[in-house]
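For our numbering, count along the sequence shown from 1 and bump the result up by 842.
All C-beta atoms in this analysis are idealised placements derived from N, C-alpha and C, irrespective of residue type, glycine included.
Report on the following structure.
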Amino acid sequence: MLLEIQSPAAFESVWIEVSGSEPYRRLLNHWEPWNRKQRANGWEGLARRVEKAAYATRPYCLKCGTCCRKGSPSLYPEDLPLLLRGVIRRTDLMTLRKGEIGFSNEQNELIQLTREQVKIREKPGTRECLFFQSESGVCGIHENHPLQCRTLECWNPEGFQRLERVRPLNRLDLLCPARSRSSGNQGPRGKV
């Protein structure tokens, strides 16, 4: 895993962290009496701990483009200036409506959406963001990338989880941008 995430750390440093963790101790102490489901849950908890420990050895973005290849970002009220300045055009957008099926990066599966959201389009036939330049592996609007892109840290899911509590832009926000900015929406950094 350390090679996969391009971490400079040695396995031993991660093992010290993992072997002292609660999920590891619980797995060691309760393996025998646990049933199949409890064992599976124990392994899952340990896997999450290993992943967290591994990513903690590399708390910076490699600009590898993996997140850009896994889907395009949803937009939030804080992103309205990007639209107003023409960095992102309306033709670069798509709408996912409440009740439609969408991919959840957090859950890593398809889910039924509970609210409408406006996203940057993806390249046809892929999940790759429209602005991702595959050949060079860079974002075409990196200097002005949206809130979700700035918040996402593959090694730290907490920022992404905070965004789950923020209302994404919807079609009405695009038609009446002042409505969204004056409605008191709270972003992860306070009032938007």
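Residue of the options minimising C-alpha distance to residue i
i	options	result
Pro-1019	Ala-895, Leu-917 and Tyr-897	Leu-917
His-987	Ala-852, Arg-927 and Ala-882	Arg-927
Arg-1004	Glu-874, His-984 and Glu-948	Glu-948
Ser-976	Pro-875, Pro-901, Cys-906 and Glu-951	Cys-906
Leu-925	Pro-901, Asn-871 and Ile-983	Ile-983
Pro-850	Arg-867, Arg-900 and Trp-876	Arg-900
Asn-950	Pro-999, Leu-845, Leu-844 and Tyr-866	Pro-999
Leu-845	Gly-941, Arg-931 and Glu-893	Glu-893
Ile-930	Gly-941, Glu-886, Glu-985 and Lys-879	Glu-985
Residue j beta carbon less than 8 Å from that of residue i
i	j	result
Ser-914	Arg-891	no
Lys-961	Met-936	yes
Gly-839	Leu-955	Since the first and last residues shown for the chain are 843 and 1034, residue 839 lies out of range.
Leu-989	Asp-934	no
Leu-1011	Pro-919	yes
Trp-997	Ala-852	no
Cutoff 6 Å; reference residue i; Cβ partners in own chain excluding five residues on either side
i	result
Val-856	Ala-895 and Ala-896
Arg-1031	Confidence at Arg-1031 is low in this model, with a pLDDT of 42, below 50, so its placement is unreliable and the value that follows should be read with caution. So the list is empty, once near-sequence residues are dropped.
Gly-979	Gly-907
Glu-859	Ala-895
Met-843	Ala-896
Anticipated Cβ contact below 8 Å, residue i with residue j, distance rounded
i	j	result
Leu-888	Leu-869	6 Å
Leu-1014	Phe-1002	Leu-1014 to Phe-1002, Cβ: 25 Å. No contact.
Beta-carbon contacts of residue i that lie in its chain and below 8 Å, excluding the five residues immediately before and after
i	result
Arg-939	Leu-955 and Glu-958
Trp-873	Arg-881 and Gly-884
Ile-953	Ile-943, Gly-944, Phe-945 and Ser-946
Tyr-866	Val-860, Leu-888 and Arg-891
Gly-941	Gln-954 and Leu-955
Contact set for residue i: own chain, Cβ-Cβ below 7 Å, skip 5 residues either direction
i	result
Cys-910	Glu-970, Cys-971, Phe-974 and Cys-981
Lys-965	Leu-972
Cys-991	Pro-915
Ile-847	Ala-896, Tyr-897 and Arg-900
Trp-876	Gly-884
Contact with chain B by residue i, beta-carbon distance below 8 Å
i	result
Arg-890	In the displayed structure, chain B is absent; only one protein chain is listed.
Cβ-heavy atom distance, residue i to the ligand SAM, below 7 Å
i	result
Glu-970	Annotation note on the ligand SAM: not contained in the displayed structure, which lists no ligands.
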